[in-house]
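Notes follow the structure.
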Amino acid sequence: MKRIAGALTAFVRFSECCAVAVAMGAFSHLSDGRIRGLWPSCRITCDSAGCDEDGRHSYDVRFSQKLRPSLHLVHSGRFLSMLKRTHTCGELRAEHASQTVTLCGWVNTYRDQGKGLIFIDLRDRDGLTQVVFNLEYVAGDVVTAGRGLRREDVIAVTGKVRTRAGDPNPKLPTGEIEVVGDQLEVLNKAETPPILPDEYEAEKIAEETRLKYRYIDLRRKRMQHILRTRHRVTKIARDYFDEHGFTEIETPFLIKTTPEGARDFIVPSRMYPGQWYALPQSPQLFKQILMVAGCERYMQIVRCFRDEDPRADRQAEFSQIDLEMSFVDRDDVMAMMGGFIQTLWKQVLGMDIGDIPAITYRDAMERYGIDRPDLRFGLEITDVSDHAAKTEFKVFTNALAKDTGVVKAIRVPGGAEKLTRKMTDGYSEWIKTFKAGGVPVVKYTDKGFEAGIAKFVSPIEKELVERLGLEVGDSVLFAADTYAIATKALGELRNKLARDLDLIDETQWKFVWVIDFPMFEFDEETQRWYSLHHPFTSPRPDQFDQLESDPGGCLSTGYDLVVNGSEIGGGSIRMHQPHVQQKVFDMLGLSKEEAKMKFGFLLDALKYGAPPHGGIAFGLDRLVMHLVGTDNIRDVIAFPKTQTGADLMIQAPGSVAPEQLEELHVQSVLPEEAKQLHEHVPEVVDRG
RNA sequence: GGGGCGGUAGCUCAAUUGGUUAGAGUCCCGGACUGUCGAUCCGGUGGUUGCGGGUUCGAGUCCCGUCCGCCUCGCCA
8 MKRIAGALTA FVRFSECCAV AVAMGAFSHL SDGRIRGLWP SCRITCDSAG
58 CDEDGRHSYD VRFSQKLRPS LHLVHSGRFL SMLKRTHTCG ELRAEHASQT
108 VTLCGWVNTY RDQGKGLIFI DLRDRDGLTQ VVFNLEYVAG DVVTAGRGLR
158 REDVIAVTGK VRTRAGDPNP KLPTGEIEVV GDQLEVLNKA ETPPILPDEY
208 EAEKIAEETR LKYRYIDLRR KRMQHILRTR HRVTKIARDY FDEHGFTEIE
258 TPFLIKTTPE GARDFIVPSR MYPGQWYALP QSPQLFKQIL MVAGCERYMQ
308 IVRCFRDEDP RADRQAEFSQ IDLEMSFVDR DDVMAMMGGF IQTLWKQVLG
358 MDIGDIPAIT YRDAMERYGI DRPDLRFGLE ITDVSDHAAK TEFKVFTNAL
408 AKDTGVVKAI RVPGGAEKLT RKMTDGYSEW IKTFKAGGVP VVKYTDKGFE
458 AGIAKFVSPI EKELVERLGL EVGDSVLFAA DTYAIATKAL GELRNKLARD
508 LDLIDETQWK FVWVIDFPMF EFDEETQRWY SLHHPFTSPR PDQFDQLESD
558 PGGCLSTGYD LVVNGSEIGG GSIRMHQPHV QQKVFDMLGL SKEEAKMKFG
608 FLLDALKYGA PPHGGIAFGL DRLVMHLVGT DNIRDVIAFP KTQTGADLMI
658 QAPGSVAPEQ LEELHVQSVL PEEAKQLHEH VPEVVDRG
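Using this note's numbering, read the first sequence as starting at 8 and increasing by one per residue.
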């Protein structure tokens, strides 16, 4: 046994600098304070751990084999001591000049100027700081280590701050200064990274690769900013609602499947063979029960699960800021929640958004063709069915002959010039996505209607000009179909037009409450009513009578909060009287027995003193998306899933051992074609 | 379940009508350089063209199947 003289406080390294990190990485702390490690050719054990006043550890080290000749001590610093960080890479300014500091972080870039000089841009979550090593003045091992630095190495550097000897870099907040490196510890040498957390390149890298190496992607300034912003949103939410008397209460994840709504994720029960838990689509019923339980004001930032296909702004696993209040009506909830959104925008963006206006569902559908209208631009939709009926245009007359047939129009100011034939042809094709037949178009010039369907609509020129407020140079786009199809198609077309014609002022925030939703929607296919919101939404107090007499016309207390055409929250006043709730279940075709089986606990709870109550849930992911300006929900989730529900980093989902299935009383029954797929999954996911 | 786009070096991309040894930038490796800052300059390593099959004298390119990623319709109370 060879004992290294004295307390070992040294780096152990090869003469090649790159071995340092390997040697250090080979050690590990033991719980009793000793460290032990393996080295390719020698076993190293360390004990007698000591701790000095600065809290640094030092160790006696014995090598069980003779040291390889190439291994030698080159530095009498402290082994594993880690230079202690004094500042972050974002905070140093000219006024720190002449201070000695220690920075820790990742090597963002290195610029080796040759024999004399090495520049390192050191990055931590706070920013970048230039470190310069003047090789003439630093110790030999620092020269060696410094020259070996590569991107994403983790290092600690001690040195003196000074205003830059060269030109300042106006691109960096720390660009006036640099740290003159004196001591350098390579805390962890990085292998050549597959991707770089580089703002110049990162946005171009395939998302697939970014998701696989998420821990590198998240090092980027932008991703750090997003994670930080998300934290601030949840903090502001907790603070705001705490100040308003809300209590944060957790609700269970292992619950029971519910009828209607999205597909559930289900979890087999080990204790109850053949029975299943479901993951919550939202804590809806629990928060209502909490109101019955006298909590009065509840909030929770909670994960929800819906097993449906994801979209750019949708994940199967997502987060809500969930809220419920007792003894309130619709306006109380909207005022409280509007206040939250105002606070949020003020604190995160420094913006005053003012009071949030409201629009009825009916208005929204009529004027914007969608229940989440984007109010940053005009292009409102107008019903022209009555005039269209007077034309001999078959597309119009055939549509109007249908049950709920309508003809609707959008006036595009200046469209005669801005909308090319190619564009409008494109719209006709594109709109088929929404089952509409096409987009008839006409230009309005000083000679009247021209091009497109001019000859058909010229007879009603006067009426259309008046109805649509047409001016010379405008175009009119039509949709003729059933109410549902024409409305939706034109609503989508309106949004597309705004994007294509660059009519959207991206600096604006147009918030709006959508209210007075219908209680129910009739589904032709299944010939039954469905809740537009959910089956616990109360009708408006003045609409109770319509519940049975005119279910289609009965309005609910529901409200959605919409910003810039995106739904960021929705809620309602709930039914707190069991007989009203029962009536709604009746309407939905839920038998007494079924209702009792699925929601018996709720109906019971309502019987034993339920206060009037209502609430809302905000989509946390979407709020953050707006606040950081992204249209990709995966950007605002630290570890998101792909569109097929896979986690490319951990490679989930994965198979389980047969014993696990057995224990859960579950058998896999794969369709023939899936068996092959199943076998392929591991390789496919790992293909890089 | 349907429609669209994409998959070539670690990364970002190119490759003519199907035709020589699949190129470039970057990363990485080696060298030069004392004020750089997306450093520069010189040289070098690096390829199962997602996977499987087919057509062909010859396939990155054409055909069939399949997988993966993104967008989207349906779906998402």
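Cβ atoms here follow ideal geometry from the backbone N, Cα and C, with glycine treated the same way.
Reference residue i; option with closest CA among the options
| i | options | result |
| --- | --- | --- |
| Lys178 | Phe456, Asp148, Gly134 and Val335 | Gly134 |
| Ile644 | Asp628, Asp638, Gln650 and Gly652 | Asp628 |
| Pro358 | Phe646, Gly596 and Leu634 | For the record, residue 358 in the displayed sequence is Met; it is not Pro. Closest by alpha carbon: Leu634. |
| Gln291 | Gln307, Phe485, Phe403 and Leu90 | Gln307 |
| Gly455 | Glu478, Ser435, Gly444 and Lys439 | Glu478 |
| Arg581 | Pro201, Met332, Gly252 and Gly596 | Met332 |
| His672 | Phe384, Leu497, Leu568 and Val274 | Val274 |
| Glu214 | Arg641, His540 and Leu668 | Arg641 |
| Val414 | Leu484, Lys469, Phe441 and Gly385 | Leu484 |
| Thr109 | Glu473, Thr95, Lys648 and Tyr117 | Thr95 |
| Glu468 | Asp148, Val676 and Lys397 | Lys397 |
| Asp148 | Tyr117, Thr170 and Gln190 | Gln190 |
| Gln534 | Leu595, Val309, Asp338 and Trp352 | Leu595 |
| Val587 | Asp567, Glu600, Leu554 and Leu568 | Leu554 |
Continuous alpha helix (DSSP H) stretch holding residue i: start and end
| i | result |
| --- | --- |
| Ala493 | Tyr490 to Asp507 |
| Asn405 | Lys401 to Ala408 |
| Ala244 | Lys228 to Glu250 |
| Thr431 | Arg428 to Trp437 |
| Glu470 | Glu468 to Leu475 |
| Leu613 | Lys599 to Lys614 |
| Pro665 | Pro665 to Glu670 |
| Thr216 | Glu214 to Lys219 |
| Ser392 | Ser392 to Ala395 |
| Leu129 | That residue, Leu129, is in no alpha helix (DSSP H); its beta strand (DSSP E) goes Leu124 to Asp131. |
| Val150 | Gly147 to Gly155 |
| Glu424 | Gly422 to Lys425 |
| Val355 | Arg337 to Leu356 |
| Phe463 | Ala461 to Val464 |
Supposed close pair residue i, residue j - CB separation, criterion 8 Å
| i | j | result |
| --- | --- | --- |
| Asp336 | Ser289 | With 8 Å as the limit, Asp336 and Ser289 do not qualify as a contact, their Cβ atoms being about 22 Å apart. |
| Ile460 | Phe400 | 6 Å |
| Asp523 | Tyr375 | Going by Cβ atoms, the distance from Asp523 to Tyr375 rounds to 15 Å, so no, they are not a contact pair. |
| Leu386 | Ile417 | 6 Å |
| Ile184 | Leu99 | 5 Å |
| Cys111 | Arg132 | Actually they do not touch by this definition, with Cβ atoms about 11 Å apart. |
| Gln327 | Phe625 | 6 Å |
Contact check, residue i vs residue j, beta carbons under 8 Å
| i | j | result |
| --- | --- | --- |
| Val448 | Thr431 | yes |
| Ile1 | Val519 | The first residue shown for the chain is 8 and the last is 695, placing residue 1 beyond what the model contains. |
| Pro525 | Cys561 | yes |
| Gly572 | Met344 | no |
| Arg613 | Val340 | Note that residue 613 corresponds to Leu in the displayed sequence, not to Arg. No. Outside cutoff. |
| Pro204 | Arg221 | no |
| Leu475 | Thr389 | yes |
| His394 | Leu471 | yes |
| Phe293 | Thr258 | yes |
| Cys302 | Ile262 | no |
| Ala423 | Ala486 | no |
| Pro558 | Phe527 | yes |
| Ser579 | Ser545 | yes |
| Phe260 | Leu218 | no |
| Pro201 | Arg158 | no |
Residue range of the beta strand (DSSP E) that includes residue i
| i | result |
| --- | --- |
| Tyr375 | Premise fails: Tyr375 lies in the alpha helix (DSSP H), Tyr368 to Tyr375, not in any beta strand (DSSP E). |
| Gln190 | Ile184 to Asn195 |
| Val643 | Run containing Val643: none; DSSP gives neither H nor E here. |
| Pro200 | Per DSSP, Pro200 belongs to no beta strand (DSSP E) and is neither H nor E. |
| Ala624 | His620 to Gly626 |
| Gly112 | Thr107 to Asp119 |
| Met332 | Glu324 to Ser333 |
| Ala415 | For the sequence presented, residue 415 should be read as Lys rather than Ala. Taken as a continuous stretch (DSSP letters only), the beta strand (DSSP E) holding Lys415 covers Gly412 to Val419. |
| Gln650 | Note, Gln650: premise wrong, no beta strand (DSSP E); not H, not E. |
| Ala163 | Val161 to Thr170 |
| Thr136 | Gly134 to Asn141 |
| Val449 | Val448 to Thr452 |
| Val519 | Phe518 to Ile522 |
Residue i CB to nearest heavy atom of the ligand FMN below 7 Å
| i | result |
| --- | --- |
| Phe606 | This structure lacks the ligand FMN, and indeed carries no ligand of any kind. |
ask   = Could you give the uninterrupted runs of the alpha helix (DSSP H) lying entirely in the stretch 557-597, keeping only those of 4 residues or more?
value = 585-594
Unbroken stretches of the beta strand (DSSP E), 3 residues or longer, contained in the stretch 241-316 = 273-275, 283-285 and 304-312
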